[in-house]
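Numbering (the working numbering), first residue to last: 4 to 91.
Cβ atoms here follow ideal geometry from the backbone N, Cα and C, with glycine treated the same way.
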Amino acid sequence: MLEKSPGVSLMSMLKSKGLEVQTVYIIGASENIVPYYTAKSTEEIAEECRLMYVAVTRAKKELLISSPSTIRGKRSTVTPFLRFIPLK
Numbered sequence: 004m005l006e007k008s009p010g011v012s013l014m015s016m017l018k019s020k021g022l023e024v025q026t027v028y029i030i031g032a033s034e035n036i037v038p039y040y041t042a043k044s045t046e047e048i049a050e051e052c053r054l055m056y057v058a059v060t061r062a063k064k065e066l067l068i069s070s071p072s073t074i075r076g077k078r079s080t081v082t083p084f085l086r087f088i089p090l091k
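Laid out in structure tokens, this is it:
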């Protein structure tokens, strides 16, 4: 668990493993970002999915996920991994 201190901690999904925080923001949850565009094999995509799971499960109280509608002027779609996250 992170020590209570004012402010925001920025970290990668991998770095968040083992931590619990009140609120988690996942920014840029778009296809080709999560999963990263270089992940091509089934194993690589599965690892990306596991990282998303790690990030999502760090939130004790609140989870906020954002996805841009465009990236570098091109239309963007939401990460396909969101379909695995149950809504309350």
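Should M14 be labelled buried (16 or more other beta-carbon atoms within 10 Å of its own) or exposed?
-> Position 11 of the sequence shown, counted from the first residue, corresponds to residue 14. By the neighbour-count criterion, in which 16 or more other beta carbons inside 10 Å mark a residue as buried, M14 falls on the exposed side.
Give the straight-line distance between the Cα atoms of A49 and M16, rounded to the nearest whole angstrom.
-> For the purposes of this step, residue 49 is identified with residue 46 of the sequence shown, where counting begins at 1. For the purposes of this step, residue 16 is identified with residue 13 of the sequence shown, where counting begins at 1. A49 and M16: Cα-Cα distance of roughly 14 Å.
Does DSSP put R78 in a helix, a strand or coil?
-> Translated into the one-based positions of the sequence shown, residue 78 becomes position 75. Strand.
Could you spell out where the alpha helix (DSSP H) holding A58 opens and where it closes?
-> Counting from 1 along the sequence shown, the entry for residue 58 is found at position 55. Unbroken alpha helix (DSSP H) run through A58: 45-59.
Do you know how far the Cα of S69 is from the Cα of V81?
-> Here residue 81 refers to the residue found at position 78 of the sequence shown. Here residue 69 refers to the residue found at position 66 of the sequence shown. Rounded to the nearest angstrom, the two C-alpha atoms are 9 Å apart.
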